[in-house]
Every structure is written in C-alpha cells, then in structure tokens.
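What follows is a set of notes on a single structure, which appears directly below.
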C-alpha cells in the first residue's frame, strides 16, 4: 500500500514538473514509466488486485495530468503485454515463482466461468447468509453465517449485513 502511494506521488511530481514542457515518449518512458513498472512488477506476484488498481490510478492520473492520450494507449498495450508474459512464464515455470498466486487466480476464474461451486465454500456460505436474511433480516448481531465465513468482518461483510438486516 505504501508503494502505491509513493508511485502516485512520484507520477504526480513528474507530471507537475513537466507541465509546461512537451512530453516525449522516450523521456517519459525512462523517467516516469520505468520506475512505475519496477514497483508494479514487485507487487504483482503477491497481489494482482493492488497492482491492477495502482496501474489504473496511474493511468487516470496521467490522463488528468495532461499526458498525451496516444502515449497512454501505448502504455496500456505494454502493460497488458507484460501481464500476459508474466502469466505465461509463471505457468510455464511454476518452480521459478513459488510465491505467486497464479493458481489461485486461475481457479477463481475457472470456477466463475464453469459455475461449479464444489471448491467455492466461501461463495456458498455468503449466498446462504444473504438468502437467510430474507426481507427483514435476523437482527443486528444475530448472524449465524459469520461463524462459518472466513473474513466475515471484511471480505464478506456484505453477506453478513444482508443476513442481519435483510433486503430492506
């Protein structure tokens, strides 16, 4: 999280300093995108969602900071290419990146696409919590599924709120 904040400050500083100057792709590639890419590459194996959100925020910041749109499109393409190469290399050489969560990402995508839920304990418990809340809910603090759902106070808080307070 700290790295994301530092990247945003760095990009803001770069864009503010070069606001009056014409930004060239070569110069910005070295001084703006290389440090951003290195930080995102370090975050990616452990946490894809943080990497994607940070990359998206940097792209939005670059757009708002007056960075040329044709360069932004190029950077989006390069980012997609780098992510694809990371996925392919991690799948081809699984021993090289033991700490990456690619198998978790793959299984989540496969479960979502196939609709099978045998390995999807958390999603099933969340659905049960929402369904058992019905219209009016069970009442504050009377959730049953919070005892079975991992991360019930953070990742699955919506399901618990639905069970306790119902649809209304």
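In our numbering, the protein residues as written are 272 to 439.
We put the beta carbon where it would ideally sit given N, CA and C, even for glycine.
At a Cβ-Cβ threshold of 8 Å, residue 347 and residue 330 count as neighbours. With a minimum length of 4 residues, the unbroken runs of alpha helix (DSSP H) contained wholly in the stretch 335-369 fall at 340-363.
In the structure shown, residue 393 falls within a helical segment according to DSSP collapsed to helix, strand and coil. Here residue 435 has 404, 408, 409, 410, 411, 412, 413, 414 as same chain residues with Cβ atoms under 8 Å from its own Cβ, once five neighbours each way along the sequence are excluded. The closest CA to that of residue 425, considering only 340, 437, 397, is found on 397. The criterion of a C-beta distance shorter than 8 Å is satisfied by residue 322 and residue 311. Comparing alpha carbon positions, the residue from 345, 394, 364 closest to residue 297 is 345. Setting aside the 5 residues that flank it on each side, residue 421 is surrounded in the same chain by 393, each with a C-beta closer than 7 Å to its C-beta; the list follows chain order.
DSSP places residue 279 inside the alpha helix (DSSP H), whose first and last residues are 273-288. Per DSSP, residue 376 is one residue of the alpha helix (DSSP H) stretching across 373-385.
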